[in-house]
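Residue numbers (our numbering): 1015 to 1662.
Quick reminder that beta carbons are idealized off the backbone N, C-alpha and C, glycines included.
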Amino acid sequence: MIKITLPDGATRDLPAGSSAMDVAKSISEGFARNVISAKVNGETVEVTTPITTDADVTLFTFNDDEGKKAFWHSSAHILAQALEKLYPGVKLTIGPAIENGFYYDVDTGDQTIHEADFKKIEDKFLELAREKADFNLREVSKADALAKYKEEGNEYKVELIENLEDGEITFCDHSDFTDLCRGGHIPNTGIVKAIKIMSVAGAYWRADQTKNQLVRVYGISFPKQKLLTEYLEVLEEAKKRDHRKLGKELELFTFSQKVGQGLPLWLPNGAMLRERLEQFLKKAQLKAGYLPVITPHIGNKELYVTSGHYEKYGEDSFQPILTPHEGEEFLLKPMNCPHHCEVYKTSPKSYKDLPVRFAEFGTVYRYEQSGELHGLTRVRGFTQDDAHLFCRPDQLEDEFKKVIDLVLYVFKALGFEDFTAQISLRDPENKGKYIGSDENWEKAEQAIIKTSAEKGLDTVIETGEAAFYGPKLDFMVKDAIGRKWQLGTIQVDYNLPERFELEYKGSDNEMHRPVMIHRAPFGSMERFVAVLIEHCAGNFPLWLTPDQVAILPISEKYNESCKNILNSLNNYDIRGFVDERNEKIGRKIRDAEVKKVPYMLVIGEKEIESGSLAVRRHGQGDIGEFTEKDFADLVNQEVQENLNNNNN
RNA sequence: GCCGAUGUAGCUCAGAGGUAGAGCACUUCCUUGGUAAGGAAGAGGUCACGGGUUCAAUUCCCGUCAUUGGCUCCA
């Protein structure tokens, strides 16, 4: 007998050689039917693997992340089997579970997989799943494994196996299908009841642009049809929040092929919203001791040679602009820091002057690859809420903390609670990608790690994600469809001050080098607005929304009175419009609702006579009669609550 | 940049090798109304662009451009 300990501390005595499934059955048959995956002593195993000694056992169902992983990974095997049958000669490579579902990368030779084929693949998948074939893990020698794939001519699997140790190579079989696999499967294929092929895409072997491009088939599967239906409904809902769709509907921004791809055009509604965001941040920055500067959109190429940007990105940037006769070269600025360094140098600095903080909403232009452009989140021209802080080394940590506070303040005021803080360090294996000395990098990285910890930030560390001149603390949020975007960023930089020979005179009467902090709480106005749109599904906070109130006359007879009401409300700093169209009230209400206008005033004979306002709230309906003053208070109070939340 | 998909009216989309369609929006007229679409009429398209096949191409084929889902990249 062996002793099995469950996560809650309960124990079971079972015969040696019992499996995780036997453990599940000892708890209850019903539970066992849902168990699809297990860990024994922290190791993922098959639920059928015999357990020979006393062990800690954790059992998973589809409701657990581990269970989903096993389920989707197993589904990838079935997908591969289906692809082998439908596209003879495909070479299998890898097929992992991902956050939502799984994919399998195959080399299809000269065959292509089209969207029209998805149904066929799904049908074949279900046909195979219904065979209820057991998944069986078997150990093979390295030589045998290599022989199998060499015979098949599958260079990908051969490469994978060559990197594995003999003795730790396993194959997984189910039905007539075999794949190289280290395990973690559900008991049999029959548990997969629903499958949806989501998309096909090209993907480079080993994520390397210089290697072969494979066909990646994305899918998601479930143990019940109903779960798939629900998942697809959630996706549909997410699409409704897409900022590209809402941006068009709410007339916030647009693109024009004639202007150029990736160059957003802000429409009045969007421009006003953006200006309010800028005002909001300018106010906070003024309070935090930032000084505004304004610098041009282009700069002499030499500036970027000095900064190192030209060497790093010159080839993949918009190319220099030439003066007509002298042949001088100017670059559209891809960043604001070199300009700000020059601003710093206009006057000699004493240690008493530091820190200085130069802030600018600086518009920059970067040549992004065409396949990478995406709505407002990835564009070629955008405005950074940029600032550069120049401080003494002894001020660095304190300044860095203040910047963290500012970023958190901005996020909180706009309702971003679900973000991750990522510390982006340089890749020590690939130092050639970066400029500056090891010593400076070490200092900069430690400063970020230390201050983030002191601020109690929940951070993840990503090596290799640093900027070429310094490490970063990035604030990442997800968009409506689950893609992660970097918004705010704070960077510590010892290198540009050296390159631009920035100095200050210390108390010792010697010249010293300042440290620079680059920071942008929004990141880019474009991306921030995009994520904000998706975050609130177009229902902006009252202080940001283009129109706060729609005034709706019951008939044209009341248009003039309504215009007077609007004037009075304007005096209370409330903005809106009168719907003067010759339409019925129901229609005007509907249109205001669709435009997501927060408040609607229905004005007819009754209101004119009593001098009151009939107020509707977006998404709620009639909220009753208000005097003008009470309504103004209601609106202004809501604005203050949004804004002053944490504005001292 | 690479692999796939898409491109028809301002918007959302249907369509077929032979005279281009709908709904909404727009214009005009009727209607003057009470909490999510009042009625009628009208106007609006070189079917992304360039080639090719064909008696005939918006439709089929090729290329370009743009959009889009991924991959790679992201100062």
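Test item: CB-CB of residue i and residue j under 8 Å
i: I1547; j: G1276; result: no
i: P1535; j: D1644; result: no
i: L1510; j: M1530; result: yes
i: F1132; j: I1211; result: yes
i: D1488; j: Q1436; result: yes
i: P1555; j: L1390; result: no
i: S1521; j: T1397; result: no
i: K1486; j: S1451; result: no
i: E1517; j: M1525; result: yes
Element boundaries [alpha helix (DSSP H), containing residue i]
i: D1493; result: Neither: D1493 is in no alpha helix (DSSP H) and is coded neither H nor E.
i: A1252; result: Q1239 to R1255
i: K1133; result: F1132 to A1143
i: I1547; result: M1539 to C1550
i: T1465; result: D1452 to E1468
i: V1319; result: K1315 to S1321
i: G1081; result: D1079 to L1100
i: V1424; result: L1410 to A1427
i: E1431; result: No alpha helix (DSSP H) holds E1431; DSSP gives it neither H nor E.
i: N1581; result: N1573 to N1585
i: Y1448; result: Taken as a continuous stretch (DSSP letters only), Y1448 belongs to no alpha helix (DSSP H), as it is neither H nor E.
i: A1606; result: I1599 to V1608
i: E1621; result: E1619 to S1624
Range covered by the beta strand (DSSP E) that runs through residue i
i: Y1170; result: No beta strand (DSSP E) holds Y1170; the alpha helix (DSSP H) holding it covers E1169 to E1176.
i: S1235; result: Q1227 to F1236
i: K1017; result: I1016 to T1019
i: A1217; result: A1208 to Y1218
i: F1185; result: T1184 to H1188
i: F1116; result: G1115 to D1121
i: I1205; result: It is not in any beta strand (DSSP E) - I1205 carries neither H nor E in the DSSP assignment.
i: E1165; result: Note, E1165: premise wrong, no beta strand (DSSP E); alpha helix (DSSP H) at K1156 to E1166.
i: I1588; result: Per DSSP, I1588 belongs to no beta strand (DSSP E) and is neither H nor E.
i: P1334; result: Unbroken run through P1334: none, as it is neither H nor E.
i: H1150; result: In the sequence under discussion, the amino acid at residue 1150 is Asn, which differs from the His named in the question. Note, N1150: beta strand (DSSP E), N1150 to E1153.
i: D1441; result: It is not in any beta strand (DSSP E) - D1441 carries neither H nor E in the DSSP assignment.
i: H1532; result: V1529 to A1534
Rounded Cβ spacing between residue i and residue j (contact assumed at less than 8 Å)
i: I1205; j: I1041; result: Between I1041 and I1205 the Cβ distance is about 19 Å, and since that is not below 8 Å, they are no contact.
i: V1563; j: I1504; result: Actually they are not in contact, since the Cβ atoms of V1563 and I1504 sit about 38 Å apart, beyond 8 Å.
i: L1583; j: A1646; result: 6 Å
i: T1184; j: L1151; result: 5 Å
i: Y1508; j: N1444; result: Rounded, the Cβ-Cβ distance is 19 Å, inconsistent with contact.
i: A1159; j: L1194; result: 7 Å
i: F1139; j: I1065; result: The pair is not a contact, with the Cβ atoms about 32 Å apart (cut-off 8 Å).
i: I1209; j: E1136; result: 5 Å
Nearest-angstrom Cα separation, counted from residue j out to residue i
i: H1632; j: V1611; result: 6 Å
i: N1226; j: A1215; result: 13 Å
i: Q1293; j: D1256; result: 26 Å
i: N1048; j: V1061; result: 12 Å
i: K1492; j: R1258; result: 15 Å
i: I1565; j: I1588; result: 12 Å
i: N1662; j: M1490; result: Confidence at N1662 is low in this model, with a pLDDT of 38, below 50, so its placement is unreliable and the value that follows should be read with caution. Their Cα atoms are separated by approximately 26 Å.
i: Y1613; j: K1105; result: 60 Å
i: Q1654; j: L1403; result: 30 Å
i: G1429; j: N1656; result: 9 Å
i: N1660; j: K1464; result: Note that N1660 scores 47 on pLDDT, short of 50, meaning its location in the model is unreliable; the coordinates nonetheless yield the value given after this. If I take the Cα positions, the gap works out to 25 Å.
i: S1624; j: V1649; result: 21 Å
i: V989; j: K1017; result: The question about residue 989 has no answer, for the chain in this structure spans 1015 to 1662.
i: V1393; j: E1574; result: 44 Å
i: L1346; j: Y1483; result: 20 Å
i: K1171; j: D1605; result: 59 Å
i: R1380; j: Y1218; result: 25 Å
i: D1190; j: K1099; result: 11 Å
i: C1351; j: R1288; result: 23 Å
i: V1307; j: F1372; result: 6 Å
i: E1325; j: T1377; result: 21 Å
i: F1076; j: E1141; result: 21 Å
i: Y1245; j: F1236; result: 9 Å
Proximity test, residue i beta-carbon vs the ligand HEM heavy atom, cut-off 7 Å
i: A1215; result: Inclusion of the ligand HEM in the displayed structure is not the case, the ligand content being empty and no account of it being possible.
Check: Of all the alpha helix (DSSP H) runs that stay within the bounds of the stretch 1337–1399, which reach a length of 4 or more residues?
Finding: 1351–1358
Check: Which ranges does the alpha helix (DSSP H) cover as unbroken runs of at least 4 residues, wholly within the stretch 1016–1075, from first to last along the chain?
Finding: 1034–1041 and 1043–1048
Checklist line | Whole alpha helix (DSSP H) elements within the stretch 1259–1309, 4-residue minimum | finding: 1282–1301
Item checked: Those runs of the alpha helix (DSSP H) which lie wholly inside the stretch 1472–1526 and span at least 4 residues -> 1509–1513
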